[in-house]
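Residue numbers (my numbering): 18 to 403.
For every residue, glycine included, the Cβ atom is placed at its ideal position computed from N, Cα and C.
Here's the structure we're looking at; comments come further down.
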Ligand SMILES: [Zn+2]
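Structure, rendered in structure tokens:
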């Protein structure tokens with residue numbers, strides 16, 4: 018079964034489709050920037066310089082490898098749609114003799130699937146062969162990273178079952194699938210994981226499995242948060258709704274910035290809007306971003322430890338005063354860093370745990386059905402009989 022191959026009607030760009038205009042899509046190259054994009058289409062750079070500071074900062078969120086769409090007529094860009102993440106995209110469009118830039122929600126279709134596999138090569142390989150979706154295979158490996166060594170513990174013919182949501186846009190799989198429930202056998206014994214509404218994964222007893230603990234990247238006592246994380250905040254002065262994909266810590270220039278967790282530096286350099294930036298890749302597909310730095314003392318490929326000083330607070334890029342912009346991403350999706358700063362793995366409170374166990378029971382039943390539908394005659398005894 019290949020759940021992504023569905024045909025849908027391409028409506029999105031039809032409203033401005035002029036005669037002979039060509040609609041196409043490309044991949045955003047590594048090192049490509051919004052300014053370079055404007056240059057490539059002969060769009061005056063004042064379009065960028067006239068944007069609100071917050072909006073300039075957002076253009077630094079475009080990431081390498083993302084697919085974006087352009088509509089060009091007679092070598093003139095009519096409009097373009099460039100995703101910042103799975104939810105929001107930049108919409109740049111011709112308006113008379115000039116161009117306008119807006120940030121709009123991404124329209125996509127959502128569906129869900131349940132699959133079951135008897136492992137032949139490896140869970141990762143087999144998942145890609147069945148679904149053609151690398152993001153799904155990566156996410157599966159990520160959620161079990163702290164729990165299971167797939168190389169030694171999973172045997173041939175061990176069963177795997179997944180229930181997940183996925184998105185598609187303009188006929189293509191889009192963004193990251195969300196695994197809702199998962200089962201992988203190790204030597205025929207079950208290992209369940211269930212997603213809860215806090216975005217974390219727990220086993221069937223309600224213990225968190227994935228847990229990456231983050232430390233506050235600034236050590237000043239009672240450091241002030243000048244702007245919180247928000248997927249759609251109303252700007253107090255500009256009166257427009259804009260996301261803020263991180264937490265701003267107000268701190269004097271030169272204050273040490275520390276790695277929030279162990280990881281590998283994957284970027285150290287300038288990103289327009291964010292100024293000097295360091296990005297650290299952690300386990301479980303998580304990445305932290307430190308922006309507006311006055312200077313940094315790490316380089317790409319370097320291993321860093323929790324609490325290690327990597328940079329200094331500054332005022333570079335689009336910033337109105339010295340502060341650290343601290344972002345957290347899971348597979349390029351921004352998430353709230355504050356909900357992940359903790360010293361131990363999560364334990365669900367009593368009421369939450371009861372709710373979680375109810376959800377998990379429902380999913381366990383669906384996993385059972387997926388296994389039994391695909392492997393008739395195989396009725397593992399670890400499923401509660403009813
Ligand atoms: Zn910020």
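At a cut-off of 6 Å, the beta-carbon of residue 265 counts as near ligand 1: some heavy atom of the ligand is closer than that. Looking at the backbone, the Cα of residue 141 and that of residue 154 are separated by about 5 Å.
Looking at the DSSP output, residue 205 bridges to nothing.
In this structure, ligand 1 has a non-hydrogen atom nearer than 6 Å to the beta-carbon of residue 342. Between residue 322 and residue 279, the C-beta spacing is below 7 Å. Selection 222, 318, 335 and 351 evaluated against residue 66 yields 335 as nearest (Cα-Cα). Take residue 41, set aside five residues on each side of it, and the residues of its chain with a beta-carbon closer than 7 Å to its own are 87, in chain order.
For residue 246, the three-state secondary structure derived from DSSP is coil. Burial state of residue 338 is exposed, judged by a 10 Å Cβ sphere holding fewer than 16 other Cβ atoms.
Per DSSP, the unbroken alpha helix (DSSP H) holding residue 169 starts and ends at 167-170. Of 318, 71, 58 and 135, the smallest CA-CA separation from residue 176 is found for 135. For residue 96, the number of other beta carbons within 10 angstroms of its own is at least 16, and it is reported as buried. DSSP, read as helix, strand or coil, puts residue 57 in helix. Excluding residues up to 5 positions away in sequence, 80 and 102 lie with their Cβ nearer than 7 Å to the Cβ of residue 349 in the same chain. Per DSSP, the continuous beta strand (DSSP E) segment holding residue 305 begins and ends at 303-310. Remark: C-beta atoms of residue 263 and residue 344 approach each other more closely than 7 Å. When the Cα atoms are used, residue 218 and residue 296 turn out to be separated by approximately 25 Å. Here residue 148 carries a helix assignment [DSSP, helix/strand/coil]. Taking the Cβ atoms as the reference, residue 327 lies roughly 17 Å from residue 346, outside the contact range of under 8 Å.
By the neighbour-count criterion, in which 16 or more other beta carbons inside 10 Å mark a residue as buried, residue 157 falls on the buried side.
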